[in-house]
Amino acid sequence: MIALSVFAAVLGALLLVPLSAAAASIGPGYQQPGKPLNHLGGYLTPGGRVAYCIDAGLPSAVARDTGDSGVVESVNGLAAAEMLSLNTLLVRHGDTSDANTAAAVAMAVWSIAGDAAYQAEGGDGYVLVRAPADQRMAIQALADRFRAEAAAVTATPPTAVLSISIDAGDDYGGILALDASPGVTGTVVLTNAVFADTGGATRSSVSAGARLAVVAAPPSGSTAYRILASSSDLVVPAAPAASVHVYPTSGAQTLVAAGDSPSIVLAASTSDLRDRLIPSLGTTAQPAAEVGGTVIDTASLLHVPSSGVQLRWSGYLQPMDSNTPQCAASTLAFESSEPVTITTDGVFSSELFAVTDRSVGTVFWTATLTRNDVVVAEGLCGDSAETTVITAPETPLHLPVVSG
Amino acid sequence: MTHRRGATVLAILLAAAAALSLLHVLAARPGPMIRAQSRPLAVLPELPVRPELSAAHLAALPEARYDAVIATLLPAAVSAHADTAYRLREDTVLYAADRTTPVARLAARNFLGEPSVVVPVEHSGDWLRVLTPARQRLPSHPAGTDPASTNSAGALAPAQTSAWLRADSLSSPTILVNRIIVSVSAQTLSLIGIGSRTWPVGVGAPGTPTPIGVTGYLEARYRDAAQGQAEHPVQLTSLHSTAADEPFGGNDGGLIGIHFQASASGAVSHGCIRVPLEAIAAVNALPLGTLITIEE
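Written out as structure tokens, the structure reads:
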């Protein structure tokens, strides 16, 4: 009798304890009374992870050598959508110590990974007897919920789209939009524009659904340009991928545990749908003037935004025989008393600049267009059409009057 | 040699001697109003031009021009002699009699922008006294009221002034071969020298007389339609009225000129010498600097 008891204890130990370190073991769940290998729930991989059988009807993997195939994108011939559902289930609920949850996950895994075989074995009704009677309804409810969740998972690749609009009435305005699925957050960098509220060209933590006002900053020397927006770090929150971690057991059930749940980094870029036009400026100054007179300059403007630009003139005086125009503060002799606001294309005249005897020489004019104090167009210093020669009037020669 | 041949030779020799004597006599007869200078002014000392005053000091001196009144100028002598007129190398300082005190400056270019004419009438070493175009005193200002003036009390305002300058200030000599003599009483103008001629002319009316007992020079010439002289240039002299500040009005200094007048006779002018067509042409042909003496 004692020998028999010892033998039974040893046999039971052998049955319950893995014969080798590479064997899976029973994890959270329920064993059918009298049939300990009829397990409803999760198993523990040699590495200690909770894994689940996907081969209903095959012998248990317990006490057998279980390998580690790593994360795979297909097992049992499952398609990507089924792999996604399976991994989502395992990520959300698989790593558990709760017996009911593990039992329900196991039932849902069988349904996803091999429902035909599962049903052939008897389906839910067959496996639920392994659990205590008072837990079976709860387990069934969880299993049904997990199956519904898994079925609702769609393999929609994440997307992120940047777009820029142009203000209908003003080439300088626009809206930057970031649309993404699922939600993303990242840094957006503008070219030839700044964000209206900060004045900066870079903005971090831009999230999906953002609608941000931008203001164009035209590059110098160009006549037409576009605003560019780009981002290379739009991060999609981590989500289950269509892959699972597989632990095969030769001649027995294959176990799966949760696979990758990577976060994804998206990139997006955009530019204007059409060119933005920079106001063009052509000017002509009065070529000559005399002390005591006046000088006037005219400007022809195209592509003036309806929001308006400011036009002003500056005149730089140098000696009559000067060959090198110098338009600097040291030579500034004339300046518009106040800028003129212009909102339409056309030809516009400067104020009349009074010429005094201190103005004799050559005046080089430059006209400047600004918008919100930013120069958008400027004349060229030394332009021959923007040069005025100012002379002193000839003093009439007085001939002595003799006494007659 | 025979006696006949010898007599012929003697006659020829005597005739030659007589001719030479005649020529000597003719050459020795003094020409009217032209006296030999003790020194040929046409040859100036070759001295380097030395700066006299700084540019700022020079510019600060009053300019001796036709409409100026500079009390420190010297009155000119009644008679003066010059055979050469010059130009100035540059704006030049005029000095008082001491040849040390700067009193005025003479511009190298006159009111027409042309080279100023300078007529030396006396020399002393490296110094020359020249006739100047400005007045010394207005006729309305009694003599002696200006302590800077060299006039003696009661004297008329000089019609002509002078001052000293350095000889090395002058350049571009022009030989003067003629002289103008005006006789107020005879109402004539004569050119003396080469091609002497005399014309009847008009002179100053009793209230605006032409100054007499004075010697000046032809200073400048110009056409001026405003004065009715669009065709024949006015001959401006360096002389000024001694009877009135402005006998013809204006502010130019009672200038005495020679000008064409269709009816050029009588004591009818405001001081100017009015001349007929031929006379104005003759005077106009004379070089500037030619002396003009006005006698009673």
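Line by line, the protein sequences are chains P and H. Residues -13 to 390 (our numbering) make up the first sequence, in order. Residues 15 to 310 (our numbering) make up the second sequence, in order. Heads up, the beta-carbon is just placed ideally off N, CA and C, and yes, glycines get one too. Owing to the predicted nature of the structure, the values given are computational and were not obtained by experimental measurement.
Closest to residue i by CA distance: which of the options is it?
| i | options | result |
| --- | --- | --- |
| E324/P | L355/P, R197/P, V341/P and A129/P | L355/P |
| V77/P | E135/P, A274/P and V113/P | E135/P |
| D51/P | D369/P, A10/P and Q105/P | A10/P |
| A12/H | R288/H, L269/H, A70/H and G209/H | Nothing can be reported for residue 12/H, as the shown portion of chain H is limited to 15 through 310. |
| G27/P | L75/P, A47/P and M93/P | M93/P |
| P223/H | S68/H, G271/H and S93/H | G271/H |
| E321/P | A225/P, Q239/P, Y16/P and E337/P | E337/P |
| L214/P | T184/P, D41/P, I161/P and P14/P | I161/P |
| D105/H | L72/H, T175/H, T86/H and L126/H | L72/H |
| R101/H | V228/H, V144/H, F262/H and I206/H | V144/H |
| G242/H | V36/P, D331/P, G20/P and S389/P | S389/P |
| L287/P | A314/P, G279/P and I328/P | I328/P |
| G245/P | V346/P, G33/P, E59/P and T142/P | E59/P |
| S46/P | P32/P, H25/P, N62/P and G53/P | H25/P |
| D260/H | E233/H, L67/H and Y80/H | According to the sequence as given, residue 260/H is Glu; it is not Asp. Of the candidates E233/H, L67/H and Y80/H, the one whose C-alpha sits nearest the C-alpha of E260/H is Y80/H. |
| A8/P | K21/P, P14/P, L30/P and Q17/P | L30/P |
| S249/P | V222/P, L64/P, A238/P and A243/P | V222/P |
| V92/H | T175/H, V131/H, A110/H and G263/H | T175/H |
| R133/P | Y112/P, P143/P, T74/P and V61/P | T74/P |
| V180/P | V57/P, A85/P and A202/P | A202/P |
| V36/P | E380/P, A129/P, G185/P and V242/P | V242/P |
| Q312/P | G278/P, D153/P, F350/P and D130/P | F350/P |
| V361/P | T317/P, A89/P and L267/P | L267/P |
| P89/H | R103/H, A99/H, L152/H and D97/H | L152/H |
| G34/P | G13/P, Q296/P and S370/P | G13/P |
| V91/P | L164/P, C39/P, G63/P and T140/P | C39/P |
| A65/P | A99/P, A106/P and D81/P | A99/P |
| I308/H | E292/H, G216/H and L87/H | G216/H |
Using the beta-carbon of each residue, which ones in chain H are nearer than 7 Å to residue i?
| i | result |
| --- | --- |
| L385/P | Y236 and D238 |
Can you say whether residue i is buried or exposed, counting buried as having 16 or more other CB atoms within 10 angstroms of its CB?
| i | result |
| --- | --- |
| L(-3)/P | Legend: pLDDT at L(-3)/P = 48, less than 50; position of this residue unreliable, value from coordinates given subsequently. L(-3)/P should be labelled exposed. |
| N265/H | exposed |
| E372/P | buried |
| Q150/H | buried |
| V57/H | Since pLDDT at V57/H reaches only 49, below the 50 mark, its modelled position is unreliable, and no value is offered. |
| P382/P | exposed |
| E310/H | exposed |
| N192/H | buried |
| D101/P | exposed |
| A50/H | Per-residue confidence for A50/H stands at a pLDDT of 32, beneath the threshold of 50, marking its modelled position as unreliable; no derived number is given. |
| R260/P | exposed |
| D157/P | buried |
| E233/H | buried |
| G43/P | exposed |
| T330/P | exposed |
| R131/P | exposed |
| V281/P | buried |
Mind listing the chain P neighbours of residue i? Cutoff is C-beta to C-beta under 8 Å, in chain order.
| i | result |
| --- | --- |
| L250/H | P386 and V388 |
| Q241/H | L385, V387, V388 and G390 |
| G268/H | S389 |
| G264/H | V387 |
Whole-angstrom Cβ separation of residue i and residue j, contact assumed at under 8 Å?
| i | j | result |
| --- | --- | --- |
| V170/P | L252/P | 6 Å |
| A472/P | R262/P | This structure cannot speak to residue 472/P, because chain P is shown only from -13 to 390. |
| I306/H | Y231/H | 6 Å |
For residue i, which residues in chain P fall below 7 Å Cβ to Cβ?
| i | result |
| --- | --- |
| P89/H | Simply none; closest approach about 20 Å. |
| G303/H | None at all; the shortest Cβ gap to chain P is about 17 Å. |
Any heavy atom of the ligand SAH closer than 7 Å to the CB of residue i?
| i | result |
| --- | --- |
| V77/P | You won't find the ligand SAH in this model; it holds no ligand whatsoever. |
Determine the chain P residues that contact residue i at a beta-carbon separation under 9 Å, and present them in chain order.
| i | result |
| --- | --- |
| G285/H | V388, S389 and G390 |
| P261/H | S389 and G390 |
| F125/H | L383, H384, L385 and P386 |
| Y80/H | P386 |
| G221/H | The premise fails here: G221/H is roughly 12 Å from chain P at the closest Cβ pair, so nothing lies under 9 Å. |
| S255/H | S389 |
| H273/H | V388 and G390 |
task = Quick one: which unbroken alpha helix (DSSP H) runs of 4-plus residues sit fully inside the region 89 to 124 of chain H? Chain order, please.
result = none
ask   = Whole beta strand (DSSP E) runs in the region -4 to 70 of chain P with 3 or more residues, listed along the chain?
value = 11 to 18, 21 to 30, 36 to 39 and 56 to 58
message = As an exercise, report each continuous beta strand (DSSP E) stretch of at least 3 residues that is fully enclosed by the region 237 to 300 of chain H, in chain order.
response = 243 to 254, 269 to 274, 280 to 283 and 287 to 289
request  = Could I get the ranges of all uninterrupted alpha helix (DSSP H) runs contained in the region 296 to 384 of chain P, with 4 residues as the minimum, in chain order?
outcome  = none
message = Runs of 3 residues minimum, wholly inside the region 168 to 218 of chain P: which ones carry the beta strand (DSSP E) assignment?
response = 171 to 177, 179 to 181, 188 to 193 and 196 to 202
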